[in-house]
Amino acid sequence: MAFPEPLERLIRALERFPGVGPRSAERMALFVLRSDPEEVAALALALRDARMETVRCDTCGNITLQSPCRICADESRNRSVVCVVEGPREVEKMESAGAHDGLYHVLVEGFSPREGAEPDPRALKHLRRRVIEDGVEEIVIATAPDREGEGAALLVREALEGCPVTLTRLARGVPVGTRLEYLHGEILAEAFRERRLWQAEPEEA
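Just so you know, the sequence shown maps onto residues 4 to 208 in my numbering.
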């Protein structure tokens, strides 16, 4: 027997969230029905506010209340070094670790296969434009050492081909397959400090 239509709609809506399958969505929906009406109203308001009151920074793509974000607007930051990360969570991790005093470029809209998104050339074109117009000297590619992260790194390098900028990667101390957001702050900070030059692969004869 199917659930009532309003509950089915809620389950289908929850299934759209990353990592939420049919069974998880069903459990979450039933939990909502067991909750106090005030709690449900507060949840609905929080969802609305998060969507309606936040924007993407026009400069770096991070989530912010207004554009430019506080990091891009901070004149004390080192504007010659831009750290490329896959999403907003990595920015927060880098900041909490005190690993980077420069700027960021977030690829969340340009490369996020974990959330079902396809690469968006606009994010990479914007990065290239930042390098050319803002006098960026170094791009630190801080993507995860897994298949998706390596794919993102290659797209970044391809987008910046011919630009007068130094490309670096985090040190090899980051375990393969580890998401940067899960790394201990000291390990991440050390990997950033010990970053290495990323040389282009030699062409085969």
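A virtual CB, placed ideally from N, CA and C, is assigned to each residue, including glycine.
Per DSSP, the unbroken beta strand (DSSP E) holding LEU170 starts and ends at 169-172. The region 40-49 and the region 89-96 do not touch, with fewer than 3 CB-CB distances between them shorter than 8 angstroms. With a cutoff of 7 angstroms on beta-carbon distance, THR171 and VAL143 are scored as near each other. Annotation: the continuous beta strand (DSSP E) that includes HIS108 extends over 105-109.
A Cβ-Cβ distance of about 7 angstroms is found for the pair LEU130 and VAL159, placing them in contact under the 8 angstroms criterion.
According to the DSSP assignment, ARG131 belongs to the alpha helix (DSSP H) that extends over 124-137. Annotation for GLU189: the continuous alpha helix (DSSP H) segment containing it runs 188-196.
Counting of Cβ neighbours within 10 angstroms places MET55 among the exposed residues, the total staying below 16.
Around the beta carbon of PHE20, fewer than 16 other beta carbons lie within 10 angstroms, which makes this residue exposed. For VAL87, the enclosing beta strand (DSSP E) starts and ends at 81-88. Assignment of beta-bridge partners to VAL143 by DSSP yields CYS86 and THR171.
By alpha-carbon distance to ARG59, the top candidate from LEU200, GLU8, ALA76 and VAL109 is VAL109. Per the coordinates, the alpha-carbon of ALA49 lies some 12 angstroms from the alpha-carbon of THR57. Here DSSP, grouped into helix, strand and coil, assigns VAL58 to strand. Within the same chain, THR171, ARG172 and ALA174 come within 7 angstroms of ARG199 by CB-CB distance, once the 5 residues on both sides are set aside. Taking the Cβ atoms as the reference, ARG82 lies roughly 7 angstroms from ASP137, within the contact range of under 8 angstroms. Restricting attention to ALA32, GLU161 and ALA194, the CA atom closest to the CA of ALA147 is found in ALA194. The three-state secondary structure of ARG199, taken from DSSP, is strand. For ILE66, DSSP records a beta bridge to ARG59.
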